[in-house]
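Protein chains in written order, with the working numbering: chain A, 1 to 699; chain B, 700 to 1398. Ideal Cβ placement from N, Cα and C applies to all residues, glycine included. Owing to the predicted nature of the structure, the values given are computational and were not obtained by experimental measurement. Written out below as structure tokens is the structure these notes cover.
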């Protein structure tokens, strides 16, 4: 298979410079890869202009919708990807993480994008900031798509997941991408990308693909571009040293392999569920993808008293592992991706063995089900043991990127934390224990050095997703050795592809720039009661001002009697005065909310389908008997949800007779679109209704 | 004055290697600066260990309180700083921005820190993320202080503000700092730092100060350290290339001088308030601090039709500027910081003059009030004009860091945007105009290239704080040429000094790690009704479960009648059925809230002082007549506010008879501390109360 690239609006077939890729299982050539002849400067410009312009014209929701469509599409063509992946050494289970995991990541981002971002081109970050006494000058932060291109440099271990977890946030942000898969598994990534091109889901220019070298691409980067890199520390550092990257402050997101730790808590001795969960997880970690995971547990940190028993438990479990061809039904662990990779791992094991001794596995020979280690890059799991971890260096710095881990003992929680943090920054760590005090101490102690910390105990054992699995809603990355980058984390990952800008101006200007109404901006008088206006026709800023209602002592007492809320501040003049906040009995907050609804609700059947919540309600000034309240109701933001209806966020302000604000909140309703406004009831039912209504007025 | 350093717990006096600093006004030597003899590796370790450990033991509120105390202290000793600053060329007005502006920044951060961060050592980022079907496995993001040291490299132009705007977020985050002032104004920074040391506000080791070279300090940085740099592009790039910085992914926040633009909108012609505001702002920008501001307007972009008139307006205004000694009462603009700086500015003006012509000012001579330009680094404001800005290069790339700006014309909004973005990333831009459509188009078009965008119009003219002024609640920084960094932005700036970590585990573990209760975690039965427990004694997790109450049709009708909320979904069976959300009449959401309060409120005078709000209320399932509801009320989080009381955030869940959640929200109350629980009412008043209560039951 000749792996093509997709740039400048079409497929590019190289004519020279091919690298042969061999099967990890039997060594036959399965693909040839070359990017010779690509004009990279042109491809970057093409992405920025053609793809970027098209993406930026769309809203977050439209872009998220494309990501969802891709997920659905890929779910229908997984088989070919599985079949191809076996030659990378991946077992069916490994493929599930890569292929199904990648598709699930798309779904997760699509869903987050539609639920947590507006149906707009600009996203808002944080609250309106008052910047002046009179309120004529305010500030707010917005996110807009960066006007460059995102270069995605992926690792070989997860050719599908790696491409998709980077694609989804970039596309939702509105940034075009250029994907560069790792050569050893480029043919799998290529098959996936072919499907992306075939689907025609994404606008022209928004997705490009370069199999092989990136040539001089990085030298053409600008300050609007982003590089998202997954791979080794050395490659990452080299790429970041490219003159254009440094000079132009190109945003470089690095996710580097690290020396991740698992810690067994002091109380989790043999016989506890956590002891067994720890052993199980270590074995799962080093055998999944043959340990070729940037998150893999490289350091298993165990109370010294339990180290021998942990070692024998691990050995017992590892003896059941069957290394073999992914196409062999008995195999529970596949091959490394290449002979070169296996050579590298063996060399690293040798380095480690200067400070630690091998207690399980032979790095140079293994029995293979459905193959042999002469023709395929198979390797046995290897466990080392380092008895003086704080005196050692390599075990915290040298990564054998294969089925390799090192056991190390500790005495006391402080030492466990110190050992874990010797990794000088890792993608993730896990803690196994059930004692809150010690687990919490460990988690807080290691958190500054880790992008993710997993706590496994009996309560979550069945559902926990594993030490090594980054999840779309959580950040993936870590400080120091792990590269200092962050990916995913839900919408956090989307914002990596956007520019945050503080905008300052009048409340009116902030409203029109952000398309979200804020107090101080013009109130657009509604031509009709806004409850009569279907979703599409409702304008943001449209405002209804209610009549005034007096709140009497009798109201307060009646409300208390009815609801049972006889809190002293409402019922007892002397006690209310004892509160530092009140000078006498005050109306219930809920009474005010209820009266406010009574003042602004239009009762007739219409586009408003339901009140489904409130946000950020604050009671700002007490309402005393005899005060008169009125309501201002303004459309703050609209978010389409379904063809039938959308969400309307209303800004609601309650004023008293002195025009002081007594309460402020956001009200959420679901409002029907024009075509789906519930129709008038049929006559017989209408009669029934009027009877009910009469009975109501008699209550 | 010999400027000392403060490292390793004491003052360090160098014996050699001094650099002479001369007065900008009259050239006399005012200070000598040297850091010779400092052991930097030791100072960094001292900060990390001694200072870091002390700071990390404190909570956000305790650290914010220190920042506030510093602000109060500095407000009492401003005079000396003003007097010293005059020799840097700064006028009294310039000093106000530097000294008072710095103190205001401290107050702002202290206030944000206490209002927006918990009184804890760990901060929470975002919502709990469900990660499993059964709910036994969840995730959440936390922030913990990085365990390194923050090196603050400041620019010479704002020795006080620059130090304080970086100090406040780092200290609140819990990171020790080492401040390196720029040599030309190091003596002012030193006077300020002396006051910090004298105040003994900060724990030992948490603040250090190095006047002079940083020596080999950067070579000792680790992945837990942070560098926050303000200054030139070339120095920034060089420092980022330090091996340790690259290899260890040291977090490097760069804020670099940039070619900031101001744009006059198409409609803002002569005669409009915005035309005059534009001219006024340009003059203010290039004369304030003699134009030595990283945010200064370097490019004034004006509709071509108005360019001549704008030019003559500017010239008219500039003719009134009086360049002079800050100690001369007539001076409205001071001196550049040094002769070297003036030489540099003149050289840059020459570069610019190859593409633009000077239309105001003589770069080599100026009349000086209270001095002369032979003995002081005085310089005239200079305005250039470039008629073909899209064909020019230097005007978008060469920064004359002095009282210099270039006028340039545009035709049409797209061209104005293109010209502004040619700066390839700037700290800020401003837009002057009153037409919403064109202003919004410009703002959205330039936002991706800018860290801050200011819109000035007649509505905010009186209160707007100026193009060049970064404000503590807003981010300061910009992409590309501006360095790609971000400072300040309220708590955003605090998080730059912390590590974000995704924590996964059981709901119970997430509760104990974050110290914020979340559904799914254990409910700790309250020994008494929680409304009886004073603030300090209330435990997070303490839970009250109410009795059950049936919601009847009569209740709904009575509530509608009472409040006036006769919305069809509550009142009209047939109409309610027409809504896609209901199968018949439903209870009002506010009725449920009110009944919930009736079920959980303990009416007697006690520690609960007031209900002051609700957050994130969602109605999740309709409640129909005949349904029975009950409430679970759990202490979610506690935040001390004053000695007299604190804020309690309660998680409130309403269940129906099938144990389905019908509503979920956070309730906020203010609760008295033990010593301040309102005391029982005196007998005579108590009588009055009982009368009232009797009358209530008669309602």
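Given that residue i touches chain B, what residues does it touch there, using C-beta distances under 8 Å?
i              : result
residue 444(A) : 820, 821, 843 and 1212
residue 240(A) : 945
Starting from residue i, follow the alpha helix (DSSP H) in both directions and report where the run begins and ends.
i               : result
residue 1180(B) : First-last for residue 1180(B): undefined, no H or E at that position.
residue 166(A)  : 159-173
residue 507(A)  : 507-514
residue 1040(B) : 1038-1051
residue 1340(B) : Looking at the DSSP string, residue 1340(B) is not in any alpha helix (DSSP H), and its letter there is neither H nor E.
residue 1095(B) : 1093-1096
Listing by chain order, which chain E residues have their CB less than 9 Å from the CB of residue i?
i              : result
residue 136(A) : Absent from the structure: chain E. Protein chains present are A and B.
So residue i contacts chain A; which residues on that side make the cut at Cβ distance below 9 Å?
i               : result
residue 1150(B) : 499, 500, 501 and 502
residue 840(B)  : 474, 475, 489 and 492
Out of curiosity, what's the CA-to-CA distance linking residue i and residue j?
i               : j               : result
residue 879(B)  : residue 789(B)  : 20 Å
residue 696(A)  : residue 1257(B) : Residue confidence is low: residue 696(A) scores 30 on pLDDT, short of 50, so the model does not pin down where it sits. Its coordinate-derived value is still stated next. Cα to Cα, the separation comes out at about 7 Å.
residue 569(A)  : residue 519(A)  : 30 Å
residue 601(A)  : residue 666(A)  : 15 Å
residue 1243(B) : residue 1261(B) : 30 Å
residue 414(A)  : residue 469(A)  : 27 Å
residue 435(A)  : residue 69(A)   : 45 Å
residue 5(A)    : residue 1210(B) : 49 Å
residue 681(A)  : residue 1273(B) : With a pLDDT of only 48 at residue 681(A), under the threshold of 50, the placement of this residue in the model should not be trusted; the figure read from the coordinates follows. One C-alpha to the other measures close to 7 Å.
residue 11(A)   : residue 92(A)   : 30 Å
residue 760(B)  : residue 805(B)  : 14 Å
residue 1369(B) : residue 766(B)  : 25 Å
residue 38(A)   : residue 399(A)  : 34 Å
residue 688(A)  : residue 1259(B) : Below a pLDDT of 50, predicted positions are generally treated as unreliable, and residue 688(A), at 37, falls in that range; no measurement from the model is reported.
residue 1382(B) : residue 585(A)  : Unreliable placement is indicated for residue 1382(B), whose pLDDT of 39 sits below 50; the coordinate value is still reported in the next sentence. One C-alpha to the other measures close to 18 Å.
residue 283(A)  : residue 338(A)  : 22 Å
Residues of chain B with CB closer than 7 Å to the CB of residue i, please, in chain order.
i              : result
residue 271(A) : Within 7 Å Cβ-Cβ: nothing; residue 271(A) doesn't reach chain B, min ~20 Å.
residue 508(A) : 1158
residue 569(A) : 1309
Since residue i meets chain A, which of its residues come closer than 7 Å, beta carbon to beta carbon?
i               : result
residue 1332(B) : Simply none; closest approach about 13 Å.
residue 1236(B) : The contacting residues do not exist; residue 1236(B) stays about 19 Å from chain A at best.
residue 645(B)  : Shown here, chain B extends from 700 to 1398; a query on residue 645(B) therefore has no answer.
residue 1139(B) : 512 and 513
Could you check where the beta strand (DSSP E) with residue i kicks off and where it finishes?
i               : result
residue 618(A)  : 608-619
residue 1412(B) : A query on residue 1412(B) cannot be resolved here, the shown segment of chain B reaching from 700 to 1398 and no further.
residue 746(B)  : Run containing residue 746(B): none; DSSP gives neither H nor E here.
residue 1084(B) : 1081-1084
residue 1193(B) : Premise fails: residue 1193(B) lies in the alpha helix (DSSP H), 1190-1194, not in any beta strand (DSSP E).
Determine the chain A residues that contact residue i at a beta-carbon separation under 8 Å, and present them in chain order.
i               : result
residue 1154(B) : 503, 504, 505, 506, 509 and 513
| message | To test your reading of the DSSP string, which unbroken alpha helix (DSSP H) runs of 4 or more residues are found completely within the region 1226-1304 of chain B? | response | 1252-1262, 1267-1270, 1272-1277 and 1288-1299
| said: Counting only Cβ-Cβ distances shorter than 7 Å, please list the residues of the region 1165-1183 of chain B near chain A, keeping chain order. | reply: 1170, 1172, 1173, 1174, 1178, 1179, 1180, 1182 and 1183
| Which runs of the alpha helix (DSSP H) fall wholly inside the region 52-128 of chain A and span at least 4 residues, in chain order? | 52-56, 60-75, 78-85, 92-95 and 101-116
| query | For the region 190-206 of chain A, which residues have a beta carbon sitting closer than 9 Å to at least one beta carbon of chain B? | reply | Those residues of the region 190-206 of chain A that come within reach of chain B (Cβ to Cβ, closer than 9 Å) do not exist; the list is empty.
| field | Whole alpha helix (DSSP H) elements within the region 994-1034 of chain B, 4-residue minimum | value | 1006-1017
| message | For the region 796-822 of chain B, list every residue whose C-beta sits within 8 Å of some C-beta in chain A, in sequence order. | response | 820 and 821
| query | For the region 231-295 of chain A, which segments carrying the alpha helix (DSSP H) assignment without a break, of at least 4 residues, lie completely within its bounds, in sequence order? | reply | Entirely contained in the region 231-295 of chain A, the alpha helix (DSSP H) runs reaching 4 residues are, in chain order, 233-240, 243-247 and 273-287.
| request: Compile a chain-ordered list of the residues in the region 867-888 of chain B whose CB is closer than 7 Å to at least one CB of chain A. | output: Of all residues in the region 867-888 of chain B, none has a Cβ within less than 7 Å of some Cβ in chain A.
| field | Contacting positions in the region 906-929 of chain B - beta carbon closer than 8 Å to chain A | value | 921, 922 and 923
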